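In the numbering used here, the protein residues as written are 21 to 475.
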């Protein structure tokens, strides 16, 4: 009776994986075959027709399920094969990317011992690729950087990691590498971690880039930029100076013509005025030539410092008198002195360039009737010159560019000038180890303060 019930009640297969279900179906089919054999032996005459029919039906159903399971297994197997092929292709692609990358790639253990390398790394280190595994990367670090490299590598091993599978530990670390039997070269290194489980660093990935070529390119770019800037400066210089020379030369020419044509009819006062105008034009040309020569020397780093003892009070008084003569009654130039200034050790020529340019600018950019003031302050270790005017002033946004060659403030572009004066002043101050500052307000005036150390 129990055997008959077992045939009628087909066992229910629990929910397993497809492979387990397939195995269960096979076991069930085997049970049906065993049952069929049992009934064939013991119940062949009593129950043969009914039992055999039920067994065959269940067996047929099981075979169909086996067939479906087999087809599903076949499909899954084909999918697995395709997936494996895709993985192999992808692995091959990454291997080729690794192998033929233009930059050097290394894989090391956490102590920096090389495990894998690509061709570029072997070329950079001048070692055959097959001989690199097992060698410490430290061997290829230039001696000057080796201690730093070792210390950084040890720090990498101590860093905590928080589950990031490829943490970037260093990016663009500049270091000097030394290939086998070759000169060191500048390299840029990026390092990432290879993590095991759980959160344990088991290796390091290294990207190595030779910076020699890039630095050469950067150097060439700088040289080209400097050449371009120099070319632009020369062009601006020629245009500016040729324009500025034209005015005083015309003044000299016209004055000479007037003197030649009316020399017998001119009063002594008129003749003196014409000669004074000529003298001013000549001085202007002389100053521009001096500025040009000094500017060229400074740009060529040929400006020499020749300090000597100077009595600054008479030196400044002479400058003020010369400028007052040229300014005539259009401006008043005041001179004030503080302290003992009889024996200052300074470069006379450079100091003359500084004060001459600043006084000329103060007069040039001041309205008629304005007061220009030169104040001299002498201390034991330094001397300070302050040149103050009541001119148009300099806009705040342009004050940082004042000392650039050929720079002209927007509110002064309609006035004559080469734009070299303040650039020359700055160079003359710098070579003497001094400082220059400007305090200006538009519509009120400007004060330049020059401080020079006494040597």
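Cβ coordinates follow ideal geometry from the N, Cα and C atoms, glycine included. Since the model is a prediction, treat every value here as computed from it, not as a measurement.
Exposure of residue 360, with buried meaning 16 or more beta-carbon neighbours within 10 Å: Sequence index remark: in the chain shown, residue 360 carries index 340 (1-based). Looking at its Cβ environment, which holds fewer than 16 other Cβ atoms inside 10 Å, residue 360 is exposed.
Residue 334 versus residue 376: straight-line alpha-carbon distance, rounded: If you number the chain shown from 1, residue 334 lands on position 314. If you number the chain shown from 1, residue 376 lands on position 356. Rounded to the nearest angstrom, the two C-alpha atoms are 15 Å apart.
Residue from 410, 358 and 137 whose Cα sits closest to the Cα of residue 126: Locating residue 126 in the chain shown gives position 106, where the first residue counts as 1. Here the closest residue by C-alpha is 137.
Coil, strand or helix - residue 364 by DSSP: To locate residue 364, count along the chain shown from 1; it is residue 344. Residue state, collapsed to three classes: strand.
Buried/exposed call for residue 185, threshold 16 Cβ in 10 Å: On the chain shown, position 165 is the one that residue 185 refers to. In this prediction, residue 185 scores a pLDDT of 47, lower than 50, which makes its location untrustworthy; the coordinate-derived value is nonetheless stated afterwards. With fewer than 16 other Cβ atoms within 10 Å, it is exposed.
Any alpha helix (DSSP H) of 4 or more consecutive residues that is wholly inside the stretch 307–355: 332–347
Contact set for residue 344: own chain, Cβ-Cβ below 7 Å, skip 5 residues either direction: For the purposes of this step, residue 344 is taken as the residue at position 324 of the chain shown. These residues qualify, in order along the chain: 353.
Proximity test, Cβ basis, 8 Å: residue 271 and chain C: Absence of chain C from the displayed structure is noted, only one protein chain being present.
CB of residue 370 within 8 Å of CB of residue 452, strictly: Mapped onto the chain shown, residue 370 falls at position 350. Mapped onto the chain shown, residue 452 falls at position 432. Their beta carbons are under 8 Å apart, which means residue 370 touches residue 452 by this criterion.
Residue 412 burial status per 10 Å Cβ neighbour count (16 or more: buried): Sequence index remark: in the chain shown, residue 412 carries index 392 (1-based). By the 10 Å Cβ count, residue 412 comes out buried.
Beta-carbon gap between residue 323 and residue 447 smaller than 8 Å: As a first step, residue 323 is located in the chain shown; it is residue number 303 there, counting from the start. As a first step, residue 447 is located in the chain shown; it is residue number 427 there, counting from the start. In this structure, residue 323 sits near residue 447, with a CB-CB distance shorter than 8 Å.
CB-CB length for residue 380 against residue 351, believed under 8 Å: Reading the chain shown from its first residue, position 360 is the one you call residue 380. Reading the chain shown from its first residue, position 331 is the one you call residue 351. So it is not a contact: roughly 11 Å between Cβ atoms.
Cβ-Cβ separation, residue 327 to residue 301 (assumed contact under 8 Å), whole Å: Working through the chain shown from its first residue, we reach residue 301 at position 281. Working through the chain shown from its first residue, we reach residue 327 at position 307. Going by Cβ atoms, the distance from residue 301 to residue 327 rounds to 33 Å, so no, they are not a contact pair.
Helix, strand or coil at residue 449 [DSSP, three-state]: Indexing the chain shown from 1 puts residue 449 at position 429. Note: residue 449 maps to helix in three-state DSSP.
Among 417, 233, 237 and 373, the one whose alpha carbon lies nearest that of residue 311: Counting from one through the chain shown, the residue named residue 311 turns up at place 291. The candidate whose alpha carbon is nearest that of residue 311 is 373.
Check whether residue 455 and residue 414 have beta carbons under 8 Å apart: Position 435 of the chain shown, counting from 1, holds the residue named residue 455. Position 394 of the chain shown, counting from 1, holds the residue named residue 414. No. Outside cutoff.
Spatial neighbours of residue 395 in its chain, beta-carbon cut-off 6 Å, leaving aside the 5 residues before and after: Stepping through the chain shown from its first residue, residue 395 is reached at position 375. Closer than 6 Å at the Cβ level, and outside the excluded window around residue 395, lie 356 and 406.
7 Å Cβ shell around residue 475 - same chain, five flanking residues per side excluded: Here residue 475 corresponds to residue number 455 of the chain shown, with the count starting at 1. Answer for residue 475: 327 and 365, listed in chain order.
From 389, 409, 461 and 168, residue whose alpha carbon lies closest to that of residue 419: For the purposes of this step, residue 419 is taken as residue 399 along the chain shown, with counting starting at 1. Nearest of 389, 409, 461 and 168 to residue 419, Cα basis: 461.
Local Cβ density within 10 Å of residue 399, reported as buried at 16 or more and exposed below that: By 1-based counting over the chain shown, the position of residue 399 is 379. Under this definition residue 399 is an exposed residue.
Boundaries (first-last residue) of the beta strand (DSSP E) holding residue 215: Taking the first residue of the chain shown as position 1, residue 215 is located at position 195. Element bounds for residue 215: 205–215.
For residue 443 and residue 240, the rounded distance between their alpha carbons: If you number the chain shown from 1, residue 240 lands on position 220. If you number the chain shown from 1, residue 443 lands on position 423. Cα to Cα, the separation comes out at about 27 Å.
Local Cβ density within 10 Å of residue 228, reported as buried at 16 or more and exposed below that: Numbered from its first residue, the chain shown carries residue 228 at position 208. Residue 228 comes out buried.
Beta-carbon proximity of residue 193 to residue 209, cut-off 8 Å: As a position in the chain shown, residue 193 is number 173, starting the count at 1. As a position in the chain shown, residue 209 is number 189, starting the count at 1. Taking 8 Å as the Cβ cut-off, residue 193 and residue 209 qualify as a contacting pair.
Burial state of residue 216 (16 or more Cβ within 10 Å): Position 196 of the chain shown, counted from the start, is the residue given in the question as residue 216. That one is exposed.
7 Å CB neighbourhood of residue 123 in its chain, flanking five on each side removed: Along the chain shown, one-based indexing puts residue 123 at 103. Answer for residue 123: 140, 227, 228 and 229, listed in chain order.
Residues of its chain near residue 130, where Cβ-Cβ distance is below 7 Å and the 5 sequence neighbours each way are ignored: Position 110 of the chain shown, counted from the start, is the residue given in the question as residue 130. If we look at residue 130 and ignore the five residues flanking it on each side, its Cβ neighbours are 177, 221, 222, 223 and 224.
Other residues of its chain near residue 196: CB distance less than 8 Å, five sequence neighbours each side excluded: Translated into positions along the chain shown, residue 196 becomes position 176. The answer, listed in chain order, is 161, 162, 164, 165, 204, 205, 206 and 207.
For residue 64, three-class secondary structure by DSSP: Start at 1 with the first residue of the chain shown, and residue 64 comes out as number 44. Residue placement at residue 64 is flagged as unreliable, the pLDDT there being 48, under the threshold of 50; a coordinate-derived value is accordingly withheld.
DSSP state of residue 396 mapped onto helix, strand, coil: Along the chain shown, one-based indexing puts residue 396 at 376. Here residue 396 sits in strand by DSSP.
Per-residue DSSP class, three states only, for residue 476: The structure shown does not extend to residue 476, since the chain is modelled only from 21 to 475, so the question has no answer here.
Inter-residue spacing [alpha-carbon to alpha-carbon] between residue 297 and residue 290: The count along the chain shown starts at 1 and reaches residue 297 at position 277. The count along the chain shown starts at 1 and reaches residue 290 at position 270. Residue 297 and residue 290: Cα-Cα distance of roughly 11 Å.
Beta bridge counterpart(s) of residue 299 as assigned by DSSP: Against the chain shown, residue 299 aligns to sequence position 279. Residue 299 is not bridged to any residue.
Separation of residue 102 from residue 108, as counted between CA atoms: Here residue 108 corresponds to residue number 88 of the chain shown, with the count starting at 1. Here residue 102 corresponds to residue number 82 of the chain shown, with the count starting at 1. Their Cα atoms are separated by approximately 10 Å.
Residue of 299, 367 and 318 minimising C-alpha distance to residue 330: Translated into the one-based positions of the chain shown, residue 330 becomes position 310. Out of 299, 367 and 318, 367 has the C-alpha closest to the C-alpha of residue 330.
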